[in-house]
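**Student:** Below is the structure I would like to discuss, written out as structure tokens.
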Amino acid sequence: RGHLDYLRSLHGKPLGNGPYVYDTYIPGQEIRFHANSHFYRGTPPTPRFIYRVTNPSTNFQLFQTGETDYDAFTSRPDDIEQLKMLGFANINLYGSSDYSQVEFNVHRPALQDKRVRQALIYGLDRQKLIDVVYQGYGKVAIEPIAPISWAFNAEGVNPYHYDPAQAKKLLDEAGWKAGADGIRVKEGLRLELTLLVSKKVLNDALIPIAKENWRQIGVLLKPQVVDFNALMAQRKAGNYDLASFSTSTLNDPHDGVWDFYSSEAKESGYHNAE
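Heads up: the sequence shown at position 154 corresponds to 157 in the working numbering, and the numbers run straight through without jumps.
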């Protein structure tokens, strides 16, 4: 027996050693805390803290009417301007642990060649994508660990800056030659790739940018838009060439690295003996 009732009761009365002590939880509404007078850095100046369970679509309205004192919003110029117009908002910009990626299914013949994968990265203007979606509030990811993490280290990591000339060179070296319509061909196989995405603002921009960028280097992109659950199911089944999705860096960066780069991460088929 798993003693689930006991575990539910235990988790409903959590213990901790942080600046605030748990008081009550109203499911679906809020969690209440009071200041910890035994906290090692002294009693917090704010005596009570209430964490409200809200809907992202109403967060700005709650902040505007004074029903919440603190909140986090996506860093878009329109959002920032709205906050400035309130007159009382103290705005602090900070990085996020979230990142998005395009995953290669290296079980697919064309993507087994490292040079092809490198060419696709060199051939995608990721900075343009950030400028379009986030108006520059963001950074091009170079590893599966967010820059705000203690484990982030860019030393020795190739940032793969946008370089279509280098992308073309790599494809030439890999034996992919431009056909009559500009799409590359090797041993009778056209370099056509399907990109699996879910419906979201980032992908609305990714699809046209990637199609244009990769067409310029001789790659034909065929986007396939599905819901997120279907995307994960097709990814697990290996039924894709490329898949785009977002995730977060957890406190332990091992999770992100293991999920995508371990030889045991079977979805993408990536393997590196080192």
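In this text, a Cβ means the ideal position worked out from N, Cα and C, and glycines have one as well.
For the beta strand (DSSP E) that I124 lies in, which residues bound it at each end?
**Tutor:** From DSSP, I124 is part of no beta strand (DSSP E) but of the alpha helix (DSSP H) over K117 to Y125.
**Student:** Within the continuous beta strand (DSSP E) that includes V102, where are the two ends?
**Tutor:** A quick correction: the sequence has Tyr, not Val, at residue 102. It spans D101 to F107 - the beta strand (DSSP E) in which Y102 sits, taken as one unbroken run.
**Student:** From the DSSP output, read off the bridge partner residues of Q227.
**Tutor:** For Q227, which the question treats as bridged, DSSP gives the partners L199.
**Student:** Near R361, what residues of its chain come up, given a Cβ to Cβ distance below 8 Å and the 5 sequence neighbours on each side ignored?
**Tutor:** A question about residue 361 goes unanswered here, because the residues of the chain that appear run from 4 up to 277.
**Student:** I'd like the list of long-range same chain contacts for K171, defined as Cβ closer than 6 Å, with 5 residues on each side in sequence excluded.
**Tutor:** So the list reads I220, once near-sequence residues are dropped.
**Student:** Return the chain-ordered list of same chain residues with a C-beta closer than 7 Å to the C-beta of Q121, the five sequence neighbours on each side being excluded.
**Tutor:** Closer than 7 Å at Cβ, skipping near neighbours: L173.
**Student:** Which whole-angstrom value is the C-beta distance of S99 and S152, which I expect to be below 8 Å?
**Tutor:** Contact flag wrong, Cβ pair sits at about 11 Å.
**Student:** Using a 10 Å radius around the Cβ and a threshold of 16 neighbouring Cβ atoms, would you call R11 buried or exposed?
**Tutor:** Its Cβ having fewer than 16 others within 10 Å, R11 is exposed.
**Student:** Does F248 come out as helix, strand or coil in the three-state DSSP assignment?
**Tutor:** The answer is strand: DSSP assigns F248 an E or B state.
**Student:** With the cut-off set at 8 Å, would you say A177 and V109 are in Cβ contact?
**Tutor:** No, Cβ-Cβ distance for A177 and V109 is not below 8 Å.
**Student:** Give the straight-line distance between the Cα atoms of P235 and Y243, rounded to the nearest whole angstrom.
**Tutor:** A small correction: the amino acid at residue 235 is Met; Pro does not occupy that position in the sequence shown. Each residue's alpha carbon lies about 10 Å from the other.
**Student:** Distance, Cα to Cα, K16 vs P30?
**Tutor:** If you take the alpha carbons of K16 and P30, they lie about 13 Å apart.
**Student:** Taking N156 as the reference, give the member of A144, L132 and Q138 with the closest Cα.
**Tutor:** Measuring from the Cα of N156, the nearest candidate turns out to be A144.
**Student:** In three-state DSSP terms, what is D26?
**Tutor:** Correct three-state label for D26: strand.
**Student:** How would you write the range of the beta strand (DSSP E) that V188 sits in, first residue to last?
**Tutor:** First-last of the beta strand (DSSP E) with V188: R187 to K189.
**Student:** I'd like the span of the beta strand (DSSP E) that includes A213, first residue to last.
**Tutor:** Looking at the DSSP string, A213 is not in any beta strand (DSSP E); the run it does join, the alpha helix (DSSP H), is V204 to Q219.
**Student:** Can you name the residues that DSSP bridges to H37?
**Tutor:** In DSSP, H37 forms a bridge with V24 and R51.
**Student:** Could you tell me the alpha carbon to alpha carbon distance between H6 and L18, rounded to whole angstroms?
**Tutor:** Answer to the nearest angstrom: the Cα atoms are 19 Å apart.
**Student:** Who are the near neighbours of Q237 in its chain, counting only those whose CB is closer than 8 Å to its CB and skipping five residues on each side?
**Tutor:** Only L199, V229, Y243 and A246 meet the Cβ criterion.
**Student:** Closest to T71 by CA distance: which of Q85, S40 and V56 is it?
**Tutor:** The residue with the shortest Cα to Cα distance from T71 is V56.
**Student:** Might you give, ordered along the chain, the residues of its own chain that have their beta carbon closer than 6 Å to the beta carbon of N216, omitting 5 neighbours on each side?
**Tutor:** So the qualifying residues of the chain are G126, L127 and D128.
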